[in-house]
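In what follows, a single structure is set out as structure tokens and then discussed.
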Amino acid sequence: SQQGEEDPQALSIQEGENATMNCSYKTSINNLQWYRQNSGRGLVHLILIRSNEREKHSGRLRVTLDTSKKSSSLLITASRAADTASYFCATDAQGGSEKLVFGKGTKLTVNP
Amino acid sequence: DARVTQTPRHKVTEMGQEVTMRCQPILGHNTVFWYRQTMMQGLELLAYFRNRAPLDDSGMPKDRFSAEMPDATLATLKIQPSEPRDSAVYFCASGLGLNTGELFFGEGSRLTVL
Numbered sequence: 001s002q003q004g005e006e007d008p009q010a011l012s013i014q015e016g017e018n019a020t021m022n023c024s025y026k027t028s029i030n031n032l033q034w035y036r037q038n039s040g041r042g043l044v045h046l047i048l049i050r051s052n053e054r055e056k057h058s059g060r061l062r063v064t065l066d067t068s069k070k071s072s073s074l075l076i077t078a079s080r081a082a083d084t085a086s087y088f089c090a091t092d093a094q095g096g097s098e099k100l101v102f103g104k105g106t107k108l109t110v111n112p
Numbered sequence: 113d114a115r116v117t118q119t120p121r122h123k124v125t126e127m128g129q130e131v132t133m134r135c136q137p138i139l140g141h142n143t144v145f146w147y148r149q150t151m152m153q154g155l156e157l158l159a160y161f162r163n164r165a166p167l168d169d170s171g172m173p174k175d176r177f178s179a180e181m182p183d184a185t186l187a188t189l190k191i192q193p194s195e196p197r198d199s200a201v202y203f204c205a206s207g208l209g210l211n212t213g214e215l216f217f218g219e220g221s222r223l224t225v226l
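Sequences listed follow chains Y and U, in order. Heads up: the first sequence begins at 1 in our numbering, then just goes up one per residue. Heads up: the second sequence begins at 113 in our numbering, then just goes up one per residue.
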């Protein structure tokens, strides 16, 4: 069963715009991760945020975590056509578990 | 450039046939996971190993699926007999466990059962 649920399911924007994807989860976590998947490829890890962190940056990526609301957001700034992919959040299945449970993802299309 | 290697990349088979998918995890990683991805269900965790020992295969249909790690460089996922509903992309991922949390995924094995 999915622990994380992404929203929206699909997002289409123009190059240069910012893209925001949200993830909600159900149980307590130790960390939350975001992954990217290009069509026909495997998932690639983007960023991990721990439960005691509220915000984290990596290049054009900004992730926030609100444990009181059990939600996270991924912001991609100044999007590029190459950012077109599906984005997944993943949480440890039970707090402290090595197992990751993934949501169904947000499909992002960045139009040139 | 360390990567998780999966074979075959594509497999088309007929219902009832045995299918074996193989995975070479990244050297030094102590956790290995098998996931299945479909449009309807998304990514489902099938099985999970730590230091080659199976820790959780609760996501796997036991009557037809089996997962093993004969050695540290090879993980296998076997389906026998295969059914059309097994058609999916199967991903192997490896990691360093709670040390980092991050998983490294292979490119997947796309299975079509006719």
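Backbone N, C-alpha and C fix where the C-beta goes; we use that ideal spot for every residue, glycine too.
Item: Reduced DSSP category for A184/U - H, G, I as helix; E, B as strand; rest coil; Value: coil
Item: Reduced DSSP category for A81/Y - H, G, I as helix; E, B as strand; rest coil; Value: helix
Item: Under 7 Å from the C-beta of L48/Y: neighbouring residues of chain U; Value: G213 and E214
Item: Interface flag, L157/U vs chain Y, CB-CB below 8 Å; Value: yes
Item: Amino acids of chain U, ordered along the chain, whose beta-carbon sits closer than 7 Å to that of L100/Y; Value: L215
Item: Beta carbon proximity, L189/U to chain Y, threshold 8 Å; Value: no
Item: Sufficient close CB pairs (3 or more, under 8 Å) joining the region 8-24 of chain Y to the region 101-112 of chain Y; Value: yes
Item: Three-state class that DSSP yields for R62/Y in the structure shown; Value: strand
Item: Status (buried if at least 16 other CB within 10 Å, exposed otherwise) for G16/Y; Value: exposed
Item: Environment of T117/U [buried if 16+ CB atoms lie within 10 Å]; Value: exposed
Item: Per-residue burial, F102/Y [other beta carbons within 10 Å of its own, 16 or more giving buried]; Value: buried
Item: Among L226/U, L210/U, Y202/U and S206/U, nearest to G220/U - alpha-carbon criterion; Value: Y202/U
Item: Rounded Cβ spacing between P196/U and L226/U (contact assumed at less than 8 Å); Value: 7 Å
Item: Min CB distance R36/Y to chain U below 8 Å; Value: no
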